[in-house]
Amino acid sequence: MLAGADPQTFAPAARAYFFDADGRPWPVGYKLKNPALAETFETIAREGPDAFYEGALAAEIAQAVATDPRAPGTLSEADLANYRAKNRIAVCVPYRGRKVCGAGPPSSGAVAVGQVLGIVEAFDLGTTTFEPEAAHLIAEAERLAYADRARYLADPDFVTVPVAGLLDKDYLATRRALIDPTRAQRKVTAGTPRTVPPSAFGRDHTKERGGTSQVSVVDAWGDAFSMTTSIEYAFGARTMVRGFLLNNQLTDFSFLPADADGRPVANRVEPGKRPRSSMDPTMVFGEDGKLDYVLGSPGGPGIIMFNLKALFALIDWRMDAAQAAALVNFGSTEDVLLLEPAPVWDPLAEKLVAKGTRFAAGT
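With my numbering applied, the sequence shown covers 71 to 433.
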């Protein structure tokens, strides 16, 4: 990951950790130890979360940001002390007799996944992986969901996010009716869910990157845990404090506050606001209410399509967890389809191109 990286894009502490004295990445096999991070973990375990958000550690974080020689920032100790983690209500949707639950706003993951599942449930996706007809339907449904996501999903403490309207069956039926089974739409736009006037939100300008980690666990007692975590771009802000990297999640906002028509963008930057993400730690429950699957994915905005790939593999195509994880990553944003390049997928790609699908460069 560091091959070709410019050491000068790293703040001094991070540069000294990831590169040698000559600015070269440590070679393969080099044992990279991080006792500072171990000590930080021990402090938080011993003293609780206040040890992170207040006191000496918070002061060091604020100082590292303020004195960063590349671009000093304005994060303060008061900002950290005033931060509060929030419990959010999970977003759950039915799909083929199961209940699929994921993270709600400001994460866009579960809403977008729920929309796609609600749109395609009316179709037969077959019993094998990615037949061209099924792949086309999935891609077109994802395009519609990504368009809605860009327009409406943001921090619900600042924007009225129409979650119920976006997942409403009648609304999803109107979105489904836009799909032509024989031809890809040339352009998709956001719809208008109930209670939301068309002029309420501007067209989004967020430029997202991937840089995420995922952990899914079910223990011997049946307790389940799914966590998606991100510091945004690879190596975050490339600044280290006490062994850990600071994030650059600010880039998950739209830096343009309004669109060309002057309408405010839902995901615009505002003080105290949390940026929209695509994170979607997911749990799937069977008809009996018992847990069937725990899943999630890295991949930035691709998380949505990667989770959907796994859900279709597990539920529609009856794969086991290993097969679902190994299945080619596939999916579509508003404009382009992504498909892992491999000769085995060339026939599928050719048939999708024949339907008018546009592929992302390099896929």
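Every residue, glycine too, gets a C-beta built ideally from N, C-alpha and C.
On a predicted model such as this, the values are computed, not experimentally measured, just so you know.
Separation of residue j from residue i, as counted between CA atoms
i, j, result
"glycine 272", "threonine 299", "28 Å"
"leucine 315", "tyrosine 100", "20 Å"
"arginine 333", "aspartate 274", "10 Å"
"alanine 115", "proline 263", "45 Å"
"aspartate 238", "threonine 110", "45 Å"
"serine 347", "glycine 172", "13 Å"
"glutamate 296", "tyrosine 363", "Correcting the residue type first, residue 296 is serine in the shown sequence and not glutamate. Roughly 10 Å separates the two Cα atoms."
"proline 417", "alanine 128", "55 Å"
"threonine 427", "glutamine 78", "40 Å"
"alanine 242", "alanine 330", "It is worth fixing the name first, because residue 242 is leucine in this sequence and not alanine. Cα-Cα distance, rounded: 28 Å."
"tyrosine 87", "proline 97", "13 Å"
"threonine 265", "isoleucine 159", "21 Å"
"aspartate 138", "alanine 419", "46 Å"
"alanine 254", "lysine 425", "6 Å"
"aspartate 120", "alanine 132", "15 Å"
Beta-carbon gap between residue i and residue j smaller than 8 Å
i, j, result
"arginine 246", "isoleucine 208", "no"
"alanine 84", "phenylalanine 305", "yes"
"proline 251", "glutamate 302", "no"
"threonine 282", "isoleucine 373", "yes"
"proline 351", "proline 176", "no"
"arginine 215", "alanine 182", "Checking the sequence, you will find alanine at residue 215 rather than arginine. Against a cut-off of 8 Å, the Cβ pair of alanine 182 and alanine 215 comes out as a contact."
"alanine 211", "valine 186", "yes"
"leucine 408", "leucine 422", "no"
"serine 367", "phenylalanine 355", "no"
"alanine 294", "leucine 361", "yes"
"arginine 434", "alanine 81", "Because residue 434 is not part of the residues shown, which for the chain are 71 to 433, the question remains open."
"leucine 223", "alanine 336", "yes"
Bridge partners - residue i, DSSP secondary structure assignment
i, result
"alanine 294", "Val288"
"leucine 407", "Ser402 and Phe429"
"lysine 277", "According to DSSP, which records beta bridges pairwise, lysine 277 is partnered with nothing at all."
"threonine 252", "Note: threonine 252 sits in no beta bridge, so no partner."
"phenylalanine 325", "DSSP, once it has assigned bridges, lists no residue as partnering phenylalanine 325."
"phenylalanine 355", "Lys169 and Leu361"
"phenylalanine 314", "Val311"
"serine 347", "Ser177"
"arginine 388", "According to DSSP, which records beta bridges pairwise, arginine 388 is partnered with nothing at all."
Which residue spans inside the segment 169-245 form an unbroken alpha helix (DSSP H) run of at least 4? 179-190, 202-222 and 233-237
Secondary structure, beta strand (DSSP E): runs of 3+ residues fully inside the segment 90-137: none
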